[in-house]
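Student:
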Amino acid sequence: MHELAVCQALIEQIEQIVQRHEASEAVRIELRIGPLSGVEPHLVEQAFPIASAGTVAADAELVIDSLPVMVRCAECGSTTSVLPNRLVCASCGDWHTTLVSGDELELYRVELMSSAADDQQEFARKQATNRKKNFLSPR
Numbered sequence: 002m003h004e005l006a007v008c009q010a011l012i013e014q015i016e017q018i019v020q021r022h023e024a025s026e027a028v029r030i031e032l033r034i035g036p037l038s039g040v041e042p043h044l045v046e047q048a049f050p051i052a053s054a055g056t057v058a059a060d061a062e063l064v065i066d067s068l069p070v071m072v073r074c075a076e077c078g079s080t081t082s083v084l085p086n087r088l089v090c091a092s093c094g095d096w097h098t099t100l101v102s103g104d105e106l107e108l109y110r111v112e113l114m115s116s117a118a119d120d121q122q123e124f125a126r127k128q129a130t131n132r133k134k135n136f137l138s139p140r
């Protein structure tokens, strides 16, 4: 299953992004996968928890967007959506087409939890605890 290797490489990229932005973890990961990418989205979904276990992406939500196969026709100039096994122009039927999209495997977006946000949450928790102590303590 080469999707596991794809997920491991993805985790390496995410770890670099988290480190570069001085964040604590990735909370949401968005991928774009085309049907001609050679990667099966459902297998990526199955491999991701294995590859991300114990990493900064262990608790991240994985979102996969499937992209259409699009071609541009050299004959009529149209850009049309086509089936992955039929790369002919949907407008005129000519086979002289260029693939525009559908072969992507793209890390599109990573949402991070910043260390500063962790510090702010910790500060807010301590403030709430201090208020409770002040409220409960005799004056």
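In my numbering, the protein residues as written are 2 to 140.
No residue lacks a Cβ here, since even glycine has one placed at the ideal position from N, Cα and C.
A quick note: this is a predicted structure, and the numbers were derived from the prediction, not measured.
Tell me which residues share the same chain as R33 and place their Cβ nearer than 6 Å to its Cβ, disregarding the 5 neighbours each side in the sequence.
Tutor: Counting only Cβ-Cβ distances below 6 Å, and skipping sequence neighbours, we find D66, L68, E105, E107 and Y109.
Student: For L113, is the classification buried or exposed, using 16 other Cβ atoms within 10 angstroms of its Cβ as the cut-off for buried?
Tutor: Buried, because 16 or more other Cβ atoms sit within 10 Å of the Cβ of L113.
Student: In its own chain, which residues sit with a C-beta less than 8 Å from the C-beta of C8, not counting the 5 before and 5 after it?
Tutor: Only V45, A48, F49, I51, A52 and S53 meet the Cβ criterion.
Student: Got a sec, what are the start and stop residues for the beta strand (DSSP E) A27 sits in?
Tutor: Where A27 is concerned, the enclosing beta strand (DSSP E) stretches over A24 to I34.
Student: Shortest alpha-carbon distance to T98 belongs to which of I12, T80, V28 and R29?
Tutor: Selected option, being the one with the closest Cα: T80.
Student: By the three-class DSSP mapping on this structure, what secondary structure does S53 have?
Tutor: DSSP places S53 in helix when its eight states are reduced to three.
Student: How big is the Cα-Cα spacing for E30 and A75?
Tutor: With the sequence shown as reference, residue 30 is identified as Ile, and Glu is not the correct amino acid for it. Cα-Cα distance, rounded: 36 Å.
Student: If you draw a straight line from the C-alpha of S92 to the C-alpha of G78, how long is it?
Tutor: Whole-angstrom Cα-Cα distance: 9 Å.
Student: How would you call A58, buried or exposed, if buried means at least 16 neighbouring beta carbons within 10 angstroms?
Tutor: By the neighbour-count rule (16 or more Cβ atoms within 10 Å), A58 is buried.
Student: Mind reading off the beta-carbon distance from V72 to V64? Whole number of angstroms is fine, and I expect it under 8 Å.
Tutor: No, V72 and V64 are not in contact; Cβ-Cβ is about 26 Å, not under 8 Å.
Student: For the beta strand (DSSP E) that V89 lies in, which residues bound it at each end?
Tutor: Counting along the chain, V89 falls outside any beta strand (DSSP E), and DSSP gives it neither H nor E.
Student: Looking at E62 and C4, is the spacing between their C-beta atoms short of 8 Å?
Tutor: Correcting the residue type first, residue 4 is Glu in the shown sequence and not Cys. No, they are not a contact pair.
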